[in-house]
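As you go down the protein sequences, you meet chains A and B in turn.
The first sequence begins at 1498 in my numbering and counts up by one.
The second sequence begins at 121 in my numbering and counts up by one.
No residue lacks a Cβ here, since even glycine has one placed at the ideal position from N, Cα and C.
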Amino acid sequence: ELKVEQNPLFLSMQEGKNYTIYCNYSTTSDRLYWYRQDPGKSLESLFVLLSNGAVKQEGRLMASLDTKARLSTLHITAAVHDLSATYFCAVNSGYALNFGKGTSLLVTP
Amino acid sequence: EADIYQTPRYLVIGTGKKITLECSQTMGHDKMYWYQQDPGMELHLIHYSYGVNSTEKGDLSSESTVSRIRTEHFPLTLESARPSHTSQYLCASSEYKTGTNTGELFFGEGSRLTVL
Chain A
1498 ELKVEQNPLF LSMQEGKNYT IYCNYSTTSD RLYWYRQDPG KSLESLFVLL
1548 SNGAVKQEGR LMASLDTKAR LSTLHITAAV HDLSATYFCA VNSGYALNFG
1598 KGTSLLVTP
Chain B
121 EADIYQTPRY LVIGTGKKIT LECSQTMGHD KMYWYQQDPG MELHLIHYSY
171 GVNSTEKGDL SSESTVSRIR TEHFPLTLES ARPSHTSQYL CASSEYKTGT
221 NTGELFFGEG SRLTVL
């Protein structure tokens, strides 16, 4: 069974600080996805990582994938309040995406 | 970018009622999915489909049923709703062909169901 684990599950950080969210998964996969969810809303795709060593950046967020370590990271640079949301990583199980429990991020002044 | 629509967005009903949650997508995606998500919690796959006339049960056991008569339409039905069915239901779609397929899922806005 494919397990996807994120940590931390809750993160409160000050504006301007940097932090990294980690996503580990239990079986071999060369594809990993990051999504954002605002309260009461649906999921918005952030990054699609399709190979070992893939790195993608969008604004203050950067995602990377190490398939040998079965690890992906989502790095936040100089956080701003607008980044407050829940972030999910997901891995392809062969027929669908398995999601982690999500990291609830709160950026405070 | 996929356009995927769910109705109703919010529904409050009494126990024992039959309900259908509608999901339609306009991008011609073959694969469609239903996930269940309790507030602030992870997503659980309850149904998916590879295409017309294909339906499969997901990882989380569900009393709901689905149908796929048309490519663009993937409704979910609860024959007799109970309070334990209170949740958010998210529909998604993706391409299902080799080559340029990234496997990315595109989600609808969700249907939030409350059963009293």
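So if DSSP puts residue i in a beta bridge, which residue, or which two residues, is it bridged to?
| i | result |
| --- | --- |
| His1572(A) | Thr1517(A), Met1559(A) |
| Ile166(B) | According to DSSP, Ile166(B) bridges with nothing at all. |
| Asn173(B) | For Asn173(B), which the question treats as bridged, DSSP gives no partner whatsoever. |
| Asn1504(A) | Tyr1519(A) |
| Ser182(B) | Partner(s): none; Ser182(B) has no beta bridge. |
Indicate whether at least one CB of chain A lies closer than 8 Å to the CB of residue i.
| i | result |
| --- | --- |
| Gly178(B) | yes |
| Thr146(B) | no |
| Gly171(B) | no |
Say whether chain B places a C-beta atom closer than 8 Å to the C-beta of residue i.
| i | result |
| --- | --- |
| Arg1528(A) | yes |
| Lys1500(A) | no |
| Asn1515(A) | no |
| Phe1596(A) | yes |
| Leu1547(A) | yes |
| Asn1589(A) | yes |
| Ser1542(A) | yes |
| Ala1593(A) | yes |
| Gly1550(A) | no |
Could you give the C-beta distance for residue i and residue j, rounded to a whole number, given that I count them as a contact under 8 Å?
| i | j | result |
| --- | --- | --- |
| His1572(A) | Val1604(A) | Between Val1604(A) and His1572(A) the Cβ distance is about 14 Å, and since that is not below 8 Å, they are no contact. |
| Phe1585(A) | Tyr1516(A) | 17 Å between Cβ atoms; not a contact. |
| Gln126(B) | Cys211(B) | 5 Å |
| Asn1589(A) | Ser1526(A) | 6 Å |
| Asp150(B) | Thr175(B) | The pair is not a contact, with the Cβ atoms about 13 Å apart (cut-off 8 Å). |
At which residues does the beta strand (DSSP E) containing residue i begin and terminate?
| i | result |
| --- | --- |
| Leu236(B) | Counting along the chain, Leu236(B) falls outside any beta strand (DSSP E), and DSSP gives it neither H nor E. |
| Asn1595(A) | 1594-1596 |
| Asn1549(A) | Careful: Asn1549(A) lies outside any beta strand (DSSP E) and carries neither H nor E. |
| Ala1582(A) | 1582-1589 |
| Thr197(B) | 196-198 |
| Val1604(A) | 1600-1605 |
| Ile124(B) | 124-127 |
| Val132(B) | 130-133 |
Please report whether the beta-carbon of residue i lies at a distance below 8 Å from any beta-carbon of chain C.
| i | result |
| --- | --- |
| Leu141(B) | The question asks about chain C, but that chain is absent: this structure's protein chains are A and B. |
Quick one: what does DSSP say residue i is sitting in, helix, strand or coil?
| i | result |
| --- | --- |
| Ser1542(A) | strand |
| Ser187(B) | coil |
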